[in-house]
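What follows is a set of notes on a single structure, which appears directly below.
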Amino acid sequence: MKIKISEIENTFKKEQNINFCEKIEEFNKDVPVKADLKIKIQGEIIKISGRINAVLNLTCDVCLKDFTKIFDFKVEEYYIKDKLNNGENRQFELVGNSFAEDLNGCDEIDITDFIYQSVILQLPNKIVCDINCNGNENVNRYIKNGNNSFSGLEILMKEKKEKE
């Protein structure tokens, strides 16, 4: 879903409410992502705020079990309509930890991509099915036998200790 900035600018209040309800295949093929967003234009700044609700199919990093998790969170993002500088940097700090992304003169915002990125940023670094997950037997056996991704590092650390 793409929204034209010029159409919002032509409204009396220079704002638009969006009720998003679409399936994003990368998250869950069966359950649509829902979002209630408000786009408001204030001079050169575009503010998108609201709430996103998504159901994701994930795989536990510890036991490799597939599971479903619900994400329900608020968003608030800022964009700058016109290009501000000729440099590579497309983000600018407005006021204390509030950043705005430069739209580089583009007349539309891809709401589907905005929601996708917002949900991805909510994912934790380590995805676990349960806080107390201990893994499954096959994964634990694999790690105990020294077949983990840090085995090369362990060898280097032993060699370094031997040299000292």
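Residue 500, in this note's numbering, is where the sequence shown stops; the numbers in between run on with no holes. Every residue gets a Cβ at the ideal spot worked out from N, C-alpha and C, and that includes glycine.
So the beta strand (DSSP E) D449 belongs to, where does it begin and stop? On the sequence shown, position 113 is the one that residue 449 refers to. In the DSSP assignment, D449 falls outside any beta strand (DSSP E) and within the unbroken alpha helix (DSSP H) covering 447-456.
For I341, which three-state DSSP category applies?
Residue 341 sits at position 5 when you count from the first residue of the sequence shown. DSSP places I341 in helix when its eight states are reduced to three.
* DSSP three-state call for K405: helix, strand or coil? -> Residue 405 sits at position 69 when you count from the first residue of the sequence shown. Here K405 sits in strand by DSSP.
Around the Cβ of K417, are there at least 16 other Cβ atoms within 10 angstroms (buried) or fewer (exposed)? Here residue 417 is taken as the residue at index 81 of the sequence shown, counted from 1. Counting the other Cβ atoms within 10 Å of the Cβ of K417 gives 16 or more, which makes it buried.
- [ ] Going by DSSP, name the residue or residues bridged to I375.
- [x] As a position in the sequence shown, residue 375 is number 39, starting the count at 1. Under DSSP, I375 forms a beta bridge with Q352, I384.
Report task. Just the C-alpha distance for K401 and E498, rounded to the nearest angstrom, thanks. Result -> Here residue 401 refers to the residue found at position 65 of the sequence shown. Here residue 498 refers to the residue found at position 162 of the sequence shown. Taking the CA atoms as reference points, K401 sits about 40 Å from E498.
Self-check item: Reference D366; option with closest CA among E351, V391, I382, D372
Solution: Stepping through the sequence shown from its first residue, residue 366 is reached at position 30. It is V391.
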